[in-house]
Amino acid sequence: MSNSYKTAIHRTTPSAPLRWLDSQRVFDSIDSILDFGCGHGRDVLYLREAGKMVHGYDKYIKPWRTKSFLKYDIVLCTYVLNTIPDEIERQEIIQECRNYLVDNGRLLVTIRADKKVLQGYTTKGTWQGYVGEWCQNLGLKLLHKTSGWEIYHEG
Numbered sequence: 695m696s697n698s699y700k701t702a703i704h705r706t707t708p709s710a711p712l713r714w715l716d717s718q719r720v721f722d723s724i725d726s727i728l729d730f731g732c733g734h735g736r737d738v739l740y741l742r743e744a745g746k747m748v749h750g751y752d753k754y755i756k757p758w759r760t761k762s763f764l765k766y767d768i769v770l771c772t773y774v775l776n777t778i779p780d781e782i783e784r785q786e787i788i789q790e791c792r793n794y795l796v797d798n799g800r801l802l803v804t805i806r807a808d809k810k811v812l813q814g815y816t817t818k819g820t821w822q823g824y825v826g827e828w829c830q831n832l833g834l835k836l837l838h839k840t841s842g843w844e845i846y847h848e849g
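Here this note's numbering = 1-based position in the sequence shown + 694.
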């Protein structure tokens, strides 16, 4: 079993990438959002407080373990792929995210970009790696980049 769930941190505010997306009005005129790999769900709660219909899913963390059978306008996958060392598992995650999208939906993938700390296995037994080139090789397009994170999109 992957230890990726150990990387989920408890936040008191939404993630920086979500705040940036919100500032760009990405969620305006959007009916439904899925936060895939939502961790402890802070971004989900923020979007719900903003009046959005949003579901969170994380296969390791209660209460977010229930999979949805709906389709969504936007699927967020934030800080998930950089915790998965296996490329096939990352591809499966991307495909699962795509399967949740409505026709003409949008996939937004955020990865950590602070390469100095993304050096493989940590003392906690988790993996933290830079996967930006991998995202681009998969056909995802860079939407926004900071020194700490990058957002890729499709759709």
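For each residue, glycine too, the CB sits at the ideal point set by N, CA and C.
{"Check": "C-alpha distance - T707 paired with G735, whole-angstrom precision", "Outcome": "10 Å"}
{"Check": "DSSP three-state assignment for E790, whether helix, strand or coil", "Outcome": "helix"}
{"Check": "C-beta contact flag for I778 and V748 at 8 Å", "Outcome": "no"}
{"Check": "S726: first and last residue of the uninterrupted beta strand (DSSP E) it sits in", "Outcome": "S726 to F730"}
{"Check": "Uninterrupted alpha helix (DSSP H) stretches inside the segment 748-810 (no shorter than 4 residues)", "Outcome": "781-793"}
{"Check": "Proximity to T804 [Cα-Cα], best of Y740, E743, I724 and I788", "Outcome": "I788"}
{"Check": "For G745 and I768, believed in contact at Cβ under 8 Å, the rounded distance", "Outcome": "I768 to G745, Cβ: 15 Å. No contact."}
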